[in-house]
Amino acid sequence: MICKKIMNSCSDLISLHRCCLKSLLCHQSTPAWWHVMPQNYCTVREINIKTETYQNTRHKQQSSFNDEEVRKFGALSDHWWARDGPYKPLHSLNRLRVPLVRDGLISTGATVSKDGRQPLEGVTILDVGCGGGILSEPLARLGASVTGLDASHKSIEAAQQHSSLDADLQGRLQYKCCDLDTFSQRLDQQYDAVVASEVLEHVDSIEAFIESCNACLKPSGSLFLTTINRTPLSFLGAIVAAEYLLRIVPVGTHTWDKFVPIEALKKLLEERGLQTRLQHGMLYAPVLDRWCWVADTSVNYALHAVNIADTSVNYALHAVNYAPESPMSPESPTSSLS
Ligand SMILES: C[S@@+](CC[C@H](N)C(=O)[O-])C[C@H]1O[C@@H](n2cnc3c(N)ncnc32)[C@H](O)[C@@H]1O
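Residue numbers (numbering that gives the first Met the number 0): 0 to 337.
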């Protein structure tokens, strides 16, 4: 038993060592975390590389889909709804992200529902990379018409199976198995909001992913993203601590060089006509299994961006004092947040 534990720890140390080496080698002479920038820890060179290839035309040859990443989640599809399982932090993240979407949509005027329990009545939401539907379900319970999209068959099956247990979700929540790029090229409708929570750090081309999200959005629609920044701190927090030391998520869940520098992402969004209306850091306390909003975006962060093709929304947005600390406190019914 002890021998087995020692062997496991050794093999984990070897993987961690490989992971550090890979991060170093990928960035050769200029690893981003050697050149720490005071605000976002992201080198200018890195931002340029990210946006250089990103002209105003759609890059069909680039794809956001990464088969290996999607398989990783498919393999754990039996665990999506295990409250103490590998997705525990995603369940508790609903405390922040459900109010983020709800209040963001109220602030843009996307919903005019007077029903306090179902404030998102009439709003259409595409939940990209929905996995087992941990976020799709509470959004549908708030009245939205939600389409959960995921490239993994097994995850979609798990999501469908779970939502079938709640009669209130029928007719409001549907799931589709498809990768985002393909889905966005065969759209039969556009959505008031596109949500991609904890997905960006698992895709190949961020540019292609954002373009596909944008293609799914109505003019003036809202894009909500949560992801992980690429900083020295995120390497320590999201990989070394979360995977190797505290075992919050399985080893190998994340790859540091897939993490997304916040400033580069905002620039990318801006170039596509998506104006960032809110950015906020998120902090997880594993012992309490609780997330809270923080100012620091150097590890986990959330963004709300609006497609500003329609200038009338700009006016509405400026008119609303929209800050996460107050309206985003999770005062929704408990059932909506879990
Ligand atoms: C970390 S999980 C997040 C699940 C869910 N958003 C949540 O937070 O509960 C990432 C999910 O994104 C899916 N995914 C990754 N790339 C995708 C793509 N290009 N198109 C559709 N789904 C994708 C994976 O299959 C996986 O289920």
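Backbone N, C-alpha and C fix where the C-beta goes; we use that ideal spot for every residue, glycine too. Quick caveat, the model's predicted, so the values are computed rather than measured.
Closer than 7 Å: is that where the CB of residue 307 sits relative to any heavy atom of ligand 1?
Residue 307: no, Cβ never under 7 Å from ligand 1.
Can you tell me which of 302, 84, 209 puts its alpha carbon nearest to the alpha carbon of residue 270?
Ranking the options by Cα distance to residue 270, first place goes to 209.
When DSSP labels each residue in this structure, what does residue 178 get in the three-state scheme?
Three-state DSSP puts residue 178 in coil, outside helix and strand.
Does the beta carbon of residue 72 fall short of 7 Å from some heavy atom of ligand 1?
Indeed, a heavy atom of ligand 1 lies less than 7 Å from the Cβ.
For the region 120 to 152, which segments carrying the beta strand (DSSP E) assignment without a break, of at least 3 residues, lie completely within its bounds, in sequence order?
Runs found: 123 to 127, 144 to 149.
Residue 258: beta carbon under 7 Å from a heavy atom of ligand 1?
Result no, Cβ not under 7 Å from ligand 1.
Quick check: is any heavy atom of ligand 1 less than 7 Å from the C-beta of residue 95?
Flag unset: Cβ of residue 95 not near ligand 1.
To which residues of the same chain is residue 282 closer than 6 Å at the C-beta, ignoring the five residues directly before and after it?
Answer for residue 282: 291, 293, listed in chain order.
Pick from 107, 129, 99, 179: whose alpha carbon is nearest that of residue 62?
Comparing Cα-Cα distances from residue 62 to each of 107, 129, 99, 179, the minimum goes to 179.
Does the Cβ of residue 198 lie closer than 7 Å to at least one heavy atom of ligand 1?
Indeed, a heavy atom of ligand 1 lies less than 7 Å from the Cβ.
When you compare each of 198, 140, 96 to residue 65 by their alpha carbons, which one comes out closest?
Considering only alpha carbons, the answer is 198.
Roughly how far, in whole angstroms, is the beta-carbon of residue 90 from the beta-carbon of residue 82, given that I think they are within contact range, below 8 Å?
Correct: roughly 6 Å between the Cβ atoms.
For residue 363, which of 276, 110, 141, 134 has the nearest alpha-carbon?
Since the displayed the chain opens at 0 and closes at 337, residue 363 lies outside it and no answer follows.
Alpha carbon to alpha carbon, what distance is there between residue 224 and residue 98?
Distance between the alpha carbons of residue 98 and residue 224: 13 Å.
With a 10 Å radius around its C-beta and 16 neighbouring C-beta atoms as the bar for buried, classify residue 69 as buried or exposed.
So residue 69 ends up on the buried side.
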